[in-house]
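**Student:** Residue numbers (this note's numbering): 532 to 736. Even for Gly, the Cβ is constructed at its ideal location relative to N, Cα and C.
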Amino acid sequence: MGFKGRVIGLTGNVSCGKSTVARFLSELGVPVIDADQIAREVTSRGAPALTELVSLFGDAILDDDGELDRRAVRKLVFSDPLKRQALESVLHPAIQARSFEITAKYFESGKPVVVYEAALIAEAGRASDFDGLLVVRCSPARQRERLLAREGGMPAELADQMIKAQMPQAEKAKLATWIIDNDGTPDELRAAVKRWHDENIARRG
Numbered sequence: 532m533g534f535k536g537r538v539i540g541l542t543g544n545v546s547c548g549k550s551t552v553a554r555f556l557s558e559l560g561v562p563v564i565d566a567d568q569i570a571r572e573v574t575s576r577g578a579p580a581l582t583e584l585v586s587l588f589g590d591a592i593l594d595d596d597g598e599l600d601r602r603a604v605r606k607l608v609f610s611d612p613l614k615r616q617a618l619e620s621v622l623h624p625a626i627q628a629r630s631f632e633i634t635a636k637y638f639e640s641g642k643p644v645v646v647y648e649a650a651l652i653a654e655a656g657r658a659s660d661f662d663g664l665l666v667v668r669c670s671p672a673r674q675r676e677r678l679l680a681r682e683g684g685m686p687a688e689l690a691d692q693m694i695k696a697q698m699p700q701a702e703k704a705k706l707a708t709w710i711i712d713n714d715g716t717p718d719e720l721r722a723a724v725k726r727w728h729d730e731n732i733a734r735r736g
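1. Using 8 Å for Cβ pairs, my map puts D648 next to S546. What's the rounded Cβ distance?
2. Taking DSSP's pairing of strands, which residues face W709 in a bridge?
3. Report the rounded CA-to-CA distance for A722 versus R554, giving the unit in angstroms.
4. Give the DSSP-derived three-state secondary structure of T551 in the structure shown.
5. Return the CA-CA distance between G641 and A733, expressed in angstroms with no decimal places.
6. Using a 10 Å radius around the Cβ and a threshold of 16 neighbouring Cβ atoms, would you call A707 buried or exposed?
7. Under DSSP, the beta strand (DSSP E) around I539 begins and ends at which residues?
8. Near V473, what residues of its chain come up, given a Cβ to Cβ distance below 7 Å and the 5 sequence neighbours on each side ignored?
9. Could you work out which residue in D600, K614, A672, K695 is closest to G715 when comparing CA atoms only?
10. Among residues of its own chain, excluding the 5 on either side of A812, which ones have a beta-carbon nearer than 8 Å to its beta-carbon?
11. Among W727, A680, R571, G543, which residue has its Cα nearest to the Cα of H623?
12. Are three or more beta carbon pairs between the segment 605-616 and the segment 683-700 nearer than 8 Å?
13. Mind checking L613: buried by the 16 CB within 10 Å criterion, or exposed?
14. Following the continuous beta strand (DSSP E) through I569, name the residue where it begins and the one where it ends.
15. Can you look up V621 in the DSSP assignment and give me helix, strand or coil?
16. Note the first and the last residue of the continuous beta strand (DSSP E) segment covering V744.
17. From K695 to N544, what distance separates their C-alpha atoms?
18. Shortest alpha-carbon distance to W727 belongs to which of F534, G536, V552?
19. According to the Cβ coordinates, are E654 and V621 closer than 7 Å?
20. In three-state DSSP terms, what is L556?
21. Going by the CB atoms, is the gap between L581 and A617 shorter than 7 Å?
Here it is, written out as structure tokens:
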């Protein structure tokens with residue numbers, strides 16, 4: 532990526548626990564850039580990316596306050612690969628540009644490692660852009676169970692569409708530098724993250 536420190540990608544399929552891993556790493560003092568949070572920033576009201584999305588999909592993707600209705604967008608694109616591709620063609624460049632700005636600031640402040648958390652690193656063909664890729668995975672049954680429990684109960688049809696829209700976990704694992712399995716308890720996951728951190732960040736810097 533051309534930075535003076537290491538940038539590690541963190542990814543995993545929906546409801547496999549990558550955001551929890553990101554939170555644990557942040558608690559250990561590792562700077563974590565959250566692609567979802569940046570997506571919210573670059574699609575805030577008045578942002579160029581939001582204007583472009585409205586021109587593509589219409590006002591139906593906005594809520595009553597003129598903000599992006601993420602649930603409406605999700606329902607729109609997960610059943611239509613062409614619409615999903617159009618969405619990503621707008622979001623990915625905007626997210627990447629903002630991520631580069633934040634990463635550069637972390638390195639300028641003396642941080643040796645930055646973790647970039649995003650769901651679609653592999654799908655976007657960006658696995659090789661990083662100095663290593665950490666993949667979080669879990670069993671398909673556990674993944675679906677967690678997804679159905681999200682947002683007060685997600686419809687099964689939408690959950691299955693979201694799972695199918697992503698690269699299969701087995702394929703994603705082939706791109707991994709490291710893998711953390713998340714089929715156990717939160718404490719077991721926290722311990723696994725601590726071990727990974729100690730071996731790959733604390734000792735190397």
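**Tutor:** On the basis of the supplied data:
1. Taking the sequence shown and counting its residues from 1, one reaches residue 648 at position 117. Taking the sequence shown and counting its residues from 1, one reaches residue 546 at position 15. According to the sequence as given, residue 648 is Glu; it is not Asp. Not confirmed; about 14 Å, so no contact.
2. What you label residue 709 is simply residue 178 of the sequence shown in a count that begins at 1. Partner(s): L665.
3. Residue mapping note: residue 722 aligns to position 191 of the sequence shown, counting from 1. Residue mapping note: residue 554 aligns to position 23 of the sequence shown, counting from 1. Each residue's Cα considered, the two are about 13 Å apart.
4. Taking the first residue of the sequence shown as position 1, residue 551 is located at position 20. Helix.
5. Counted from its first residue, the sequence shown places residue 641 at position 110. Counted from its first residue, the sequence shown places residue 733 at position 202. The straight-line gap from Cα to Cα measures roughly 15 Å.
6. Residue mapping note: residue 707 aligns to position 176 of the sequence shown, counting from 1. Classification for A707: buried.
7. Here residue 539 refers to the residue found at position 8 of the sequence shown. Per DSSP, the continuous beta strand (DSSP E) segment holding I539 begins and ends at 537-543.
8. The structure shown does not extend to residue 473, since the chain spans only 532 to 736, so no value can be given for it.
9. Residue numbering aside, residue 715 sits at position 184 when the sequence shown is read from its first letter. Of D600, K614, A672, K695, the residue nearest in Cα terms is A672.
10. Nothing can be reported for residue 812, as the shown portion of the chain is limited to 532 through 736.
11. By one-based count along the sequence shown, residue 623 stands at place 92. If we check each option's Cα against that of H623, R571 comes out closest.
12. yes
13. Position 82 of the sequence shown holds residue 613. Classification for L613: exposed.
14. Within the sequence shown, numbered from 1, the residue matching residue 569 stands at position 38. Note, I569: premise wrong, no beta strand (DSSP E); alpha helix (DSSP H) at 566-573.
15. For this step, residue 621 is matched to residue 90 along the sequence shown. If DSSP states are grouped into helix, strand and coil, V621 belongs with the helices.
16. What is shown of the chain runs 532 to 736, which leaves residue 744 out entirely.
17. In the sequence shown, residue 695 corresponds to position 164, counting from 1. In the sequence shown, residue 544 corresponds to position 13, counting from 1. Cα to Cα, K695 sits roughly 10 Å from N544.
18. Taking the first residue of the sequence shown as position 1, residue 727 is located at position 196. Among F534, G536, V552, the Cα nearest to that of W727 belongs to V552.
19. In the sequence shown, the residue the question calls residue 654 occupies position 123. In the sequence shown, the residue the question calls residue 621 occupies position 90. Cβ distance not < 7 Å, so E654 and V621 don't count as in contact.
20. Within the sequence shown, the letter at position 25 stands for residue 556. Helix.
21. Here residue 617 is taken as the residue at index 86 of the sequence shown, counted from 1. Here residue 581 is taken as the residue at index 50 of the sequence shown, counted from 1. Not in contact: A617 and L581 (Cβ atoms no closer than 7 Å).
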